[in-house]
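Notes follow the structure.
There are 2 protein chains.
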Amino acid sequence: MERIGDAEYQVMEVLWDEAPLTAAEVADRVPADRGWSIRTVKTMLSRLLAKGVLAHEEEGRRYLYRPAIAREDYVAQESGRLLDRMFGGRLTPLVAHLAERDRLSDADIAEIEALLKALKS
Amino acid sequence: MERIGDAEYQVMEVLWDEAPLTAAEVADRVPADRGWSIRTVKTMLSRLLAKGVLAHEEEGRRYLYRPAIAREDYVAQESGRLLDRMFGGRLTPLVAHLAERDRLSDADIAEIEALLKALKS
DNA sequence: GGCGGCTGATTACAACTGTAGTCAGACACG
DNA sequence: CGTGTCTGACTACAGTTGTAATCAGCCGCC
């Protein structure tokens with residue numbers, strides 16, 4: 062599957078959240094802190110189309126854009142990449158790492174324990 | 062902290078594993094499947110120096126390279142990035158996600174449970 | 001029926017990345 | 001001593017990414 066840059070990813074997020082949308086609608090929904098012009102958003106949309114991660118249908122003279130890949134699949138691919146690259150593909154060291162780095166509160170721990178308990182059955 | 066590309070990262074891995082090393086030694090230790098020329102490795106080393114993630118000391122007319130940032134720190138940064146970008150910074154959804162994707166065996170689950178138990182005390 | 005605005009398509013351009021080649025100087029061997 | 005070798009520095013060049021401008025066509029409003 063194609064790689065997606067940071068900026069492109071934000072456009073995908075918008076469309077994973079709501080689709081189909083026109084270019085203008087996507088531009089409206091992109092987080093304002095990026096300060097993008099509509100032109101930039103349209104460039105992103107074209108590139109994502111070219112990469113095959115977006116699909117479009119024509120609505121009059123405009124396009125309606127929608128994701129062509131599931132967020133799930135993309136996220137799976139990217140987390141797999143990180144895991145393979147940094148932790149030899151093993152999740153435990155990642156959890157240990159984040160825990161040490163104080164990214165895990167007691168509530169988080171309880172939550173994950175509950176999740177694991179559910180998984181075991 | 063600076064971003065590091067995939068190829069650059071492999072060079073860092075070599076030096077995190079063993080340092081200091083000369084350029085030639087790094088080239089020897091880089092996984093052969095990349096098929097890099099020594100020139101390529103030297104370019105990587107220069108760029109990593111420029112980015113401040115490597116340090117060098119002179120040994121005669123050569124450099125000895127060593128990491129200027131801890132692997133721990135870099136890994137923390139990158140896993141944080143992924144987590145923020147894909148899971149709103151929360152680890153539980155990542156664990157849930159990977160579990161669903163069959164990246165978690167029963168043994169993994171047991172291991173993480175043990176880890177969490179240790180963390181709670 | 002012409003004009004302003006919107007659309008996608010095409011083009012621009014700098015930074016970064018992957019992958020190397022060239023160059024000038026030092027060193028080591030014959 | 002000369003000559004090839006190795007070093008870091010600099011240069012090259014295409015592909016990707018972020019950010020946008022230009023262009024040609026269509027649509028609705030005055």
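Residue numbers (the working numbering), protein chains in the order written: chain A, 62 to 182; chain B, 62 to 182. Idealized CB from N, CA, C, for every residue including glycine.
### Segment contact, 8 Å Cβ cut-off, at least three pairs: the segment 134-149 of chain B with the segment 165-180 of chain B
no
### Query
Based on Cα-Cα distance, which residue from Ala88/A, Gly113/A, Ser98/A and Glu161/A lies nearest to lysine 181/B?
Glu161/A
### CB of arginine 127/A within 8 Å of CB of leucine 76/A, strictly
yes
#### Entry: Distance, aspartate 134/A Cα to serine 107/A Cα
21 Å
### Query
In angstroms, rounded to a whole number, what distance separates the CA positions of arginine 100/B and arginine 123/B?
15 Å
### Task
Could you tell me the boundaries of the beta strand (DSSP E) in which proline 128/A lies?
123-128
### Task
Could you tell me the distance, in whole angstroms, from the CA atom of serine 140/B to the CA atom of alanine 116/A?
30 Å
### Query
Is it right to say alanine 85/A is buried, meaning 16 or more other beta carbons lie within 10 angstroms of its own, or is it exposed?
exposed
### Query
Per DSSP, what kind of secondary structure is alanine 93/B in: helix, strand or coil?
helix
### Message
What does DSSP give as the partner residue(s) for glutamate 119/B in the beta ladder?
### Response
Tyr124/B
### Span separating the alpha-carbon of leucine 110/B from that of proline 92/B
21 Å
### Message
Which residue wins for smallest C-alpha separation from valine 72/A, given the options Glu63/A, Met62/A and Thr104/A?
### Response
Thr104/A
### Message
Please tell me whether isoleucine 130/A has its Cβ less than 8 Å away from any Cβ of chain B.
### Response
no
#### Entry: Closer than 8 Å to chain A by CB, isoleucine 173/B
yes
### Query
Any Cβ of chain B within less than 8 Å of the Cβ of leucine 109/A?
no
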